[in-house]
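K.L.:
One structure, pasted below without further comment.
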Amino acid sequence: MPRSYSISSDAIAAETKRVDGDLSKFDVSRVIALDDLKLKERGPTDVHVRILAVSAEHNVDHAALADTMNIAEVRGGKIYPGNSAVGEVIGVGDGVKKFKVGDIVLTHCNGEPDEYGYPLRIWAYDQPESVGWYGEEAVVGEWQLIHAPLDCGLNLWEIAALPLRAPTAYHLWRRALGIYRVKVGRRQHARLNVLGFGGGVSECFLMIAAQEGHRAIFCSGSPERRAHLESLGIEGVDQKQFNRFATRDDVKAFSKHMKGLLGGVGAHIVCDMLRGPVFPAGLQVASRMGVNVSAGWQLDTAVNYNSANLSVRQITLDHVHFETVEGSAAATELYGQVFKPTVHKEIYAFGDLPRAMEEMHQSVQTGIPIVRVASDMPAAVQGLIP
Ligand SMILES: NC(=O)c1ccc[n+]([C@@H]2O[C@H](COP(=O)([O-])OP(=O)(O)OC[C@H]3O[C@@H](n4cnc5c(N)ncnc54)[C@H](OP(=O)(O)O)[C@@H]3O)[C@@H](O)[C@H]2O)c1
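Take the sequence shown: its letter number 4 is residue 4 in the working numbering, and every next letter is one higher.
What follows is the structure in structure tokens.
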């Protein structure tokens, strides 16, 4: 039986008890456990995949912490997480048209598209019965897979960093720019100031902005991540210089710094995937007509703002969940051309996935964390392993 990681409500309860309810002492690696998983039987439109590599994602952190909701409990006591993977097709149902045995594929995390293609729920999170891909094998619907662009110039770990983060960024960017352009046309203003706060999604967001000729600024605490972005023409601002906005004075100092950097204008577009103390900092430095977009709530789910102030400044807040299925495929066309992700210096072994998640939780990684699941890689990707 293939092995797969799971998160159980019992493990969450035990860890919560150990730390006496103090989430700052919570160790995510004690909650994510290796399990055996009986795969569902392959149907006519299903594809059997051997997982090669996965990226660690924050929704797993949220599931283990049960900080936004206790999704393991809601799903009956256990979930099998993981919704970003690169895999090799090892079997296809009779009705499968797009894939054949030996193909290398990516997943997207759309669990159930609505009438416009946006997800009602996320795979391996709140989509009922969905089983994730932090495991050795999976059986998935054909509609959940995209051909991996093996000739895009990225190595296998870089490709594995993108299946969830790139489509999110792709959609956030289209939305943010579209909203801004409703207010201010290209005839009036061509080059925008675009600010993103740390994390892989914001990095991808800024890569699109820079590629389209805008001024892109990355505010993160990691010198390695900033250096990588600077090599792509994206300016870095050290978030730790402003104590990650712990106090109002820190936000004021950040605002002064940004206004100086941006000639007093501020940021026309801000990507804030974190919320918490990052949100007021992002609002403070937004320009008139600015747009603040987010698809994440890593530090807090709630935000607070002065509606009158934002109205007077004509600022728009926009909330994104995830890309459509076709948008996820379109985002894949930009791998290597636009998306050149940072990857954490250690490629984790499959058995070290819980530690990868805990280190991501602690924000100590130098890039997107990748876990190598398969020890023997197919010939198709062997040349892509650095
Ligand atoms: N809706 C979606 O489709 C979707 C998709 C992907 C992610 N998300 C959500 O978006 C959020 C970010 O995910 P991601 O994948 O972009 O992040 P990530 O690549 O895992 O990176 C998280 C990084 O946030 C940075 N960060 C910046 N400011 C921070 C602060 N004030 N406190 C702590 N860390 C800070 C840290 O890097 P530094 O130390 O360099 O600052 C940390 O490494 C998560 O909540 C995730 O669940 C949503």
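Just so it is clear, CB atoms sit at the ideal spot from N, CA and C, and this is done for glycine as well.
Exposed or buried, what is residue 268 when buried is set at 16 or more other beta-carbons lying within 10 Å of its beta-carbon?
P.N.:
With 16 or more Cβ atoms within 10 Å of its Cβ, residue 268 is classed as buried.
K.L.:
In chain order, which continuous runs of the beta strand (DSSP E) of length 3 or greater are located wholly inside the segment 88-127?
P.N.:
With a minimum length of 3 residues, the continuous beta strand (DSSP E) runs that stay inside the segment 88-127 are 104-107.
K.L.:
Can you check DSSP and say which residues form a bridge with residue 271?
P.N.:
Residue 271 pairs with 196, 293.
K.L.:
When the distance is taken between beta carbons, is residue 39 closer than 8 Å to residue 137?
P.N.:
Yes, the pair counts as a contact, with Cβ atoms nearer than the cut-off.
K.L.:
Contact check, residue 7 vs residue 119 under 8 Å by CB: the rounded distance?
P.N.:
The Cβ separation is near 20 Å, so there is no contact.
K.L.:
From what residue to what residue does the beta strand (DSSP E) around residue 280 run?
P.N.:
Premise fails: residue 280 lies in the alpha helix (DSSP H), 278-284, not in any beta strand (DSSP E).
K.L.:
Quick one: which unbroken alpha helix (DSSP H) runs of 4-plus residues sit fully inside the segment 136-195? Chain order, please.
P.N.:
Listed in chain order, they are 156-160, 165-183.
K.L.:
Over the uninterrupted beta strand (DSSP E) stretch that includes residue 317, give me the two end residues.
P.N.:
Element bounds for residue 317: 316-319.
K.L.:
Can you find a heavy atom of ligand 1 that lies under 7 Å from the Cβ of residue 332?
P.N.:
Outside the cutoff, so no.
K.L.:
Using 8 Å as the threshold, is the C-beta distance between residue 272 and residue 294 below it?
P.N.:
Yes, the Cβ-Cβ distance between residue 272 and residue 294 is below 8 Å.
K.L.:
Are residue 206 and residue 285 touching if we call contact CB-CB under 8 Å?
P.N.:
Not in contact: residue 206 and residue 285 (Cβ atoms no closer than 8 Å).
K.L.:
Distance, Cα to Cα, residue 253 vs residue 218?
P.N.:
C-alpha separation (whole angstroms): 17 Å.
K.L.:
Bridge partners for residue 8 per DSSP, in chain order?
P.N.:
Answer is 78.
K.L.:
Between the C-alpha atoms of residue 371 and residue 178, what's the straight-line distance to the nearest angstrom?
P.N.:
Between residue 371 and residue 178, the C-alpha separation is close to 35 Å.
K.L.:
Let me make sure I understand the geometry here. Which of 354, 328, 356 has the alpha-carbon closest to that of residue 392?
P.N.:
Given a span of 1 to 386 for the chain in the structure shown, any question on residue 392 remains unanswerable.
K.L.:
If you run the structure through DSSP and keep just helix, strand and coil, what is residue 214?
P.N.:
Residue 214: coil per DSSP, three-state reduction.
K.L.:
Can you tell which of 369, 87, 318, 247 has its C-alpha closest to the C-alpha of residue 341?
P.N.:
Nearest C-alpha to residue 341: 369.
K.L.:
Output needed for residue 21: all residues of its chain with C-beta closer than 7 Å, excluding positions within five of it in sequence on either side, in chain order.
P.N.:
Excluding sequence neighbours, residue 21 sits near nothing in its chain.
K.L.:
Verify whether the separation of the beta carbon atoms of residue 335 and residue 44 is less than 8 Å.
P.N.:
Going by C-beta atoms, residue 335 is not nearer than 8 Å to residue 44.
K.L.:
Quick one: Cα of residue 66 to Cα of residue 306, how far?
P.N.:
In a straight line, the C-alpha of residue 66 is about 30 Å away from that of residue 306.
K.L.:
Compare the beta carbon distance of residue 133 and residue 347 with 8 Å and say whether it is the shorter of the two.
P.N.:
No. Outside cutoff.
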